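J.:
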Ligand SMILES: [Zn+2]
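Residue numbers (the working numbering): 108 to 366.
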């Protein structure tokens, strides 16, 4: 074969496979770009450094049986993805705890007992779902700057012998961005679990400007729940405390799942 003919054959080969070679070059560049973009810029992830002779402590050789020593020393591992978020923080204020008894009935039944009983039940129900709950007192020192995924303060309304129209629950929320969602979830689930109506005409300034709303972090969703009237709804919020707690628990779960 003449030299001319060899050149010609090489040229023919290159021209014929140009498309394949271009594809290989472009694909290689593309894969490299993808690798750079999806890998931590700090350090390649999950790198391990294999220890050499120097990594083996003096007096210990690889032949030392039973120690499990492999001669491999791990370096710091850089994480490719952000750390998963910590456990959820759920707080319940047992209304009037550490302060006073709240409303009191003629026979001595105290609002504080009702609030604490329901708070304990909500705590047990959520802990059964592996969700830890902190119970705070009414003027808990921790409330200042407090930050949580959700805070619910539990209260019950007057035990004065009011006419039967004074029945039902009511809520107020703070000004956090997720407060409306929290309010919807609690009201819907509470009404379903207890059968109690919403009582909208007795929402006081103390409820709207609830002291804890002004203490906790402004971004933390918080709700004040008056669970019912101690006179007309007494049975529902005492003997029916488990249903009350279930409604609050379902409301909290609804909120945490729909955020
Ligand atoms: Zn109260």
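The beta carbon of each residue, even a glycine, is placed where N, CA and C say it ideally should be. Since the model is a prediction, treat every value here as computed from it, not as a measurement.
Roughly how many angstroms lie between the CA atoms of residue 217 and residue 245, to the nearest whole one?
T.: Within the chain shown, residue 217 is the residue found at index 110, counting from 1. Within the chain shown, residue 245 is the residue found at index 138, counting from 1. Looking at the two C-alpha atoms, the distance is approximately 15 Å.
J.: Could you name the residues, in chain order, whose CB is less than 5 Å away from a heavy atom belonging to ligand 1?
T.: 202, 209 and 262
J.: Considering only residues of the same chain and omitting the five flanking positions on each side of residue 206, which have a CB-CB separation below 8 Å?
T.: As a first step, residue 206 must be located in the chain shown, where it is residue number 99. The residues are 244, 245 and 246.
J.: Between which two residues does the alpha helix (DSSP H) carrying residue 229 extend?
T.: Along the chain shown, one-based indexing puts residue 229 at 122. Start and end: 218 to 234.
J.: Report all residues from its chain with a CB closer than 7 Å to the CB of residue 195; omit the five preceding and five following residues, and keep chain order.
T.: Locating residue 195 in the chain shown gives position 88, where the first residue counts as 1. Result list for residue 195: 238, 256 and 363, in chain order.
J.: Which whole-angstrom value is the C-beta distance of residue 269 and residue 293, which I expect to be below 8 Å?
T.: For the purposes of this step, residue 269 is taken as the residue at position 162 of the chain shown. For the purposes of this step, residue 293 is taken as the residue at position 186 of the chain shown. Their Cβ separation, rounded to whole angstroms, is 24 Å, which puts residue 269 and residue 293 out of contact at 8 Å.
J.: Is it true that the stretch 296 to 311 meets the stretch 329 to 349, where meeting means three or more beta-carbon pairs spaced less than 8 Å apart?
T.: yes
J.: Check the DSSP bridge columns for residue 259 and list the partner residues they point to.
T.: If you number the chain shown from 1, residue 259 lands on position 152. For residue 259, which the question treats as bridged, DSSP gives the partners 199 and 330.
J.: Only counting the same chain, and skipping five residues up and downstream in sequence, which positions put a Cβ closer than 6 Å to that of residue 266?
T.: The residue given as residue 266 occupies position 159 in the chain shown. Cβ neighbours of residue 266 within its own chain (closer than 6 Å, five residues either side excluded): 210, 212, 337 and 338.
J.: Could you tell me the distance, in whole angstroms, from the CA atom of residue 317 to the CA atom of residue 140?
T.: Locating residue 317 in the chain shown gives position 210, where the first residue counts as 1. Locating residue 140 in the chain shown gives position 33, where the first residue counts as 1. Roughly 55 Å between the two C-alpha positions.
J.: Where does residue 338 fall in DSSP's three states?
T.: Residue 338 sits at position 231 when you count from the first residue of the chain shown. Coil.
J.: Are there 16 or more other CB atoms within 10 angstroms of the CB of residue 232, so buried, or fewer, so exposed?
T.: For the purposes of this step, residue 232 is identified with residue 125 of the chain shown, where counting begins at 1. By the neighbour-count rule (16 or more Cβ atoms within 10 Å), residue 232 is buried.
J.: Would you give the residue range spanned by the alpha helix (DSSP H) that residue 301 belongs to?
T.: Here the question's residue 301 lines up with position 194 in the chain shown. First-last of the alpha helix (DSSP H) with residue 301: 286 to 301.
J.: Note down the Cα distance separating residue 85 from residue 202, rounded to an integer number of angstroms.
T.: Given that the chain is displayed from residue 108 to residue 366, the structure contains no residue 85 and the question cannot be resolved.
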